[in-house]
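Structure first, commentary second.
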Amino acid sequence: MGSLAISGGDPAVAVPYRTFAHPRIDDGDFRRLADPELRDQVVSFDGLGLVSRVEDTFRDVLGLGGYTMATNSGTSALYALYYAAGLGEGDEVLVPAYTFFATAMPLFRLGCRPVLVDSTDNGNIDPADIRRKITPATKAVVITHMWGVPCDMDEILAVAAEFGLPVLEDASHAHGATYRGTVTGAFGSGAAWSLGAKKIVTGGQGGILHSPDSEFLERAFLVSRANDKQHDRGITSAHLQPYAVTGSGLNLRIHPFSAFAVEGQLRSLPRQLSERRESAALLARELGRLPGLSVPRVPDGAEPAWYAFPLQYDPAALGGLPREDFVRAVVAEGAVEADIPGSTCPLTRFRAFTGEDGTYPGAPVSRITHDEADFPGAHRFHAGIVKLPVWYGEQRLEYARAYVDAITKVVENVKDLL
Ligand SMILES: Cc1ncc(COP(=O)(O)O)c(C=O)c1O
1 MGSLAISGGD PAVAVPYRTF AHPRIDDGDF RRLADPELRD QVVSFDGLGL
51 VSRVEDTFRD VLGLGGYTMA TNSGTSALYA LYYAAGLGEG DEVLVPAYTF
101 FATAMPLFRL GCRPVLVDST DNGNIDPADI RRKITPATKA VVITHMWGVP
151 CDMDEILAVA AEFGLPVLED ASHAHGATYR GTVTGAFGSG AAWSLGAKKI
201 VTGGQGGILH SPDSEFLERA FLVSRANDKQ HDRGITSAHL QPYAVTGSGL
251 NLRIHPFSAF AVEGQLRSLP RQLSERRESA ALLARELGRL PGLSVPRVPD
301 GAEPAWYAFP LQYDPAALGG LPREDFVRAV VAEGAVEADI PGSTCPLTRF
351 RAFTGEDGTY PGAPVSRITH DEADFPGAHR FHAGIVKLPV WYGEQRLEYA
401 RAYVDAITKV VENVKDLL
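Under full-length UniProt numbering, read the sequence shown as residues 1 to 418, first letter to last.
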């Protein structure tokens with residue numbers, strides 16, 4: 001191989017693998033919008049069945065069982081999840097220190113106090129730290145399957161059961177990931193998925209909530225869908241029924257356009273997942289043997305969904321080259337989507353989890369102040385991550401090989417960058 005592209009050489013990747021087109025929505029899907037029946041559905045109040053069809057399909061394709069409800073975002077689904085779990089004023093809720101902030105922020109709106117829990121070596125919540133953080137005020141444990149890699153569920157479920165705490169899953173990165181044969185999102189009292197932006201299944205904006213318990217779902221309905229016309233899945237419990245028309249204050253419905261976009265993708269989700277797993281296996285095999293790089297630990301019996309591939313970079317093994325310089329060189333070689341995540345970071349980077357004052361209207365006054373030094377696992381993982389896309393579709397292995405070539409070239413020529 002010649003000199004590095006960042007120093008003027010030819011890029012390792014001859015074909016420019018520009019940004020990966022996701023989601024793959026068939027043209028035919030959009031042409032179906034011209035069908036008058038479908039057009040009426042997507043401009044109706046409640047999708048005239050489209051939304052409930054998507055909710056049922058999501059449940060069935062993932063193999064969740066139980067009950068599902070679509071919302072207008074993952075954040076809304078998480079809010080409805082916490083509301084339905086009965087969390088409220090003064091309750092302490094354990095949340096991962098390393099997650100996307102929306103996992104925890106809705107708790108503030110319910111008056112809860114998020115308590116951060118450190119990460120293990122793969123960025124997921126540490127069961128041993130869950131145990132350390134439990135107090136008499138703890139009311140639930142929230143977990144996120146980061147980047148699509150399932151958490152250490154056996155240990156988490158054991159500690160939660162020991163203390164009688166419900167487990168609530170943020171599966172926004174993990175549509176269809178499994179752990180010992182159970183799909184993520186089906187482990188606890190309830191779960192939420194984002195269907196936003198570039199998620200594995202996306203409506204641009206959107207979310208899904210799931211629970212094995214019908215009354216849990218009715219409580220989620222109460223805060224999300226006042227006056228719902230879909231009586232087949234509305235509120236029927238005697239004590240909630242008097243509030244079915246007014247709901248309890250919000251309208252968190254998914255937009256039928258989003259539901260329509262999601263419907264098409266659900267049909268091909270199993271294939272997307274098996275193809276992502278193939279690409280990730282190639283990345284793990286090839287990159288895992290390079291110095292300075294390590295691949296994420298996958299718990300025994302887990303099949304990740306691989307929303308992204310969270311490679312870990314260790315500068316000590318590469319002459320001390322800073323991670324930012326490494327990524328710039330890799331991008332110059334043609335691995336253009338190699339990335340250092342910004343807003344997905346330890347929550348101690350945000351005032352909401354460290355400050356004591358209320359600086360915005362309705363800001364929580366009794367928040368818990370967290371100190372960065374208490375979360376070494378989360379900070380170590382965040383300091384080392386180099387995020388790669390994980391491809392599916394016909395060219396998936398070409399993309400994966402191109403990225404391997406780009407990264408290998410930088411590692412082999414690292415001395416030129418020192
Ligand atoms: C782990 C996680 N939780 C929650 C969310 C929030 O979802 P949304 O953006 O759909 O509100 C996201 C979205 O980026 C996420 O990655």
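All C-beta atoms in this analysis are idealised placements derived from N, C-alpha and C, irrespective of residue type, glycine included.
{"Check": "Check: Phe216 C-beta below 8 Å from any heavy atom of ligand 1", "Outcome": "no"}
{"Check": "Enclosing beta strand (DSSP E) for Ala191 [first to last residue]", "Outcome": "Gly190 to Ser194"}
{"Check": "Beta-bridge partners of Ser268, as assigned by DSSP", "Outcome": "None, per the DSSP bridge assignment."}
{"Check": "Inter-residue Cα distance where the pair is Leu287 and Val404", "Outcome": "7 Å"}
{"Check": "Exposed unless 16 or more other CB atoms sit within 10 angstroms - verdict on Val365", "Outcome": "exposed"}
{"Check": "Inter-stretch contact (C-beta, 8 Å, three-pair minimum) for the region 201–211 and the region 330–337", "Outcome": "no"}
{"Check": "Straight-line Cα distance separating Leu388 from Val42", "Outcome": "35 Å"}
{"Check": "heavy atom of ligand 1 below 8 Å from Asp35 C-beta", "Outcome": "no"}
{"Check": "Limits of the unbroken beta strand (DSSP E) element including Glu356", "Outcome": "That residue, Glu356, is in no beta strand (DSSP E); it is neither H nor E in DSSP."}
{"Check": "Per-residue DSSP class, three states only, for Thr408", "Outcome": "helix"}
{"Check": "Coil, strand or helix - Ala70 by DSSP", "Outcome": "strand"}
{"Check": "For Lys133, the first and last residue of its enclosing alpha helix (DSSP H)", "Outcome": "Pro127 to Lys133"}
{"Check": "Cut-off 6 Å between Cβ atoms - residues of its own chain near Ala191, not counting five sequence neighbours on either side", "Outcome": "Glu169, Ala171, Gly185 and His210"}
{"Check": "Length of the line joining the Cα atoms of Ala161 and Leu94", "Outcome": "14 Å"}
{"Check": "6 Å CB neighbourhood of Gln265 in its chain, flanking five on each side removed", "Outcome": "Pro23 and Val201"}
{"Check": "Rounded separation between Gly247 and Thr144 - CA only", "Outcome": "29 Å"}
{"Check": "Neighbour-count burial assignment, Gly188, 16 or more Cβ in a 10 Å radius", "Outcome": "buried"}
{"Check": "Given 8 Å, three or more beta-carbon pairs between the region 306–314 and the region 267–285", "Outcome": "yes"}
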